[in-house]
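Colleague:
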Amino acid sequence: MALMDEFREEREQIRTAPLPKKIQYFKDYYLIPTLFIAFVVTVAVLVLKSTIFRREESLYVCMVNFAAAEEAEENVAEAFEKKALSNKKDYIVVDSNTYIAVDEEESDLIKYSYVDEEKLLAMVMSGSLDFLASGQDVVERYMEQDWFDDLSGILDPDLLKKLEEEDRILYKGSVPVAVSLDGSALVRDNFEYRGKKGEALYGGFPAGSERRELAAQFLYFLLGEQ
Numbered sequence: 017m018a019l020m021d022e023f024r025e026e027r028e029q030i031r032t033a034p035l036p037k038k039i040q041y042f043k044d045y046y047l048i049p050t051l052f053i054a055f056v057v058t059v060a061v062l063v064l065k066s067t068i069f070r071r072e073e074s075l076y077v078c079m080v081n082f083a084a085a086e087e088a089e090e091n092v093a094e095a096f097e098k099k100a101l102s103n104k105k106d107y108i109v110v111d112s113n114t115y116i117a118v119d120e121e122e123s124d125l126i127k128y129s130y131v132d133e134e135k136l137l138a139m140v141m142s143g144s145l146d147f148l149a150s151g152q153d154v155v156e157r158y159m160e161q162d163w164f165d166d167l168s169g170i171l172d173p174d175l176l177k178k179l180e181e182e183d184r185i186l187y188k189g190s191v192p193v194a195v196s197l198d199g200s201a202l203v204r205d206n207f208e209y210r211g212k213k214g215e216a217l218y219g220g221f222p223a224g225s226e227r228r229e230l231a232a233q234f235l236y237f238l239l240g241e242q
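Take 17 as the starting number for the sequence shown in the working numbering and just add one per residue.
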């Protein structure tokens, strides 16, 4: 009972005390617990937010030696997401910030080439690169390193036959490994090729990717086949 009386007396003193004394009392008894509670609440909110609003990468596309127009994100990446992804939290990456120089004449690309070369290799080795588009010289360079999968196991047979008849397939020996993108309005209108001038544009599927079906849909999308 005496303890309760003491508590009431102390509370009354604080209630009528000057503001500086109230502030000091708060610092002495409540500051640390308040900061701890605020920290816990903040962490909980961030974790909850990241769980609820977390977006998952569904596809990684690399447009090697291309520069994207301002509207490319809306016309290509976002348009394909709306068309092909049922989960609105998912997204695709269309990377147009990778530059590879095949010969020394491409002086503007040389300074970027080594780091980006290592990045591409790491992505192919990890299976995280789903589709690669570039000039024929770049694609053929990686063809020789067996980077690309056989299109006959990926594309619709009727479409592959049509593309072969139209001479729009790039082969390694007798194996079809890349598709011409020169006729793609989406590529032409949204990306500028900055690699070696005069090179035909091709796209292929790097080996090891586990998102092959969606990658094929992306190629169909670029070709206007959906």
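Backbone N, C-alpha and C define an ideal beta-carbon position, used for all residues, glycine too.
Report the rounded CA-to-CA distance for Arg210 versus Tyr76, giving the unit in angstroms.
Modeller: Whole-angstrom Cα-Cα distance: 20 Å.
Colleague: Quick one: what's got a C-beta closer than 7 Å to Arg184's C-beta in the same chain, skipping five residues either side?
Modeller: Val195 and Ser196
Colleague: So the candidates are Leu101, Glu94, Pro192 and Ser74; which of them puts its Cα closest to the Cα of Gly169?
Modeller: Pro192
Colleague: Could you spell out the range, first to last residue, of the alpha helix (DSSP H) harbouring Lys98?
Modeller: Ala95 to Ala100
Colleague: Which same chain residues, not among the five before or five after Ser150, have their C-beta less than 6 Å away from its C-beta?
Modeller: In the same chain as Ser150, and ignoring 5 residues on each side of it, the C-beta atoms closer than 6 Å to its own belong to Val80 and Asn81, in chain order.
Colleague: Roughly how many angstroms lie between the CA atoms of Ala216 and Tyr187, to the nearest whole one?
Modeller: 14 Å
Colleague: Mapping DSSP to helix, strand and coil, what is Phe221?
Modeller: coil
Colleague: Assign Ala138 to one of two classes, buried (16 or more other C-beta atoms within 10 Å of its C-beta) or exposed (fewer than that).
Modeller: So Ala138 counts as exposed.
Colleague: Cutting at 8 Å between CB atoms, please list the residues of its own chain near Val176, excluding the five before and the five after it.
Modeller: It should be pointed out that residue 176 corresponds to Leu in this sequence rather than to Val. Correct list, in chain order: Leu167, Ser168, Ile185 and Pro192.
Colleague: For Ala201, which residues in the same chain have their Cβ closer than 8 Å to its Cβ, ignoring the five residues on either side in sequence?
Modeller: Gly240
Colleague: Where do the N-terminal and C-terminal ends of the beta strand (DSSP E) with Ala293 fall, by residue?
Modeller: One cannot answer for residue 293 here, as it falls past the ends of the chain, which runs 17 to 242.
Colleague: With the cut-off set at 8 Å, would you say Leu136 and Gly220 are in Cβ contact?
Modeller: no
Colleague: Start and end of the beta strand (DSSP E) containing Phe82?
Modeller: Phe82 to Ala84
Colleague: Please state if the CB of Ser74 and the CB of Leu230 are separated by a distance shorter than 8 Å.
Modeller: yes
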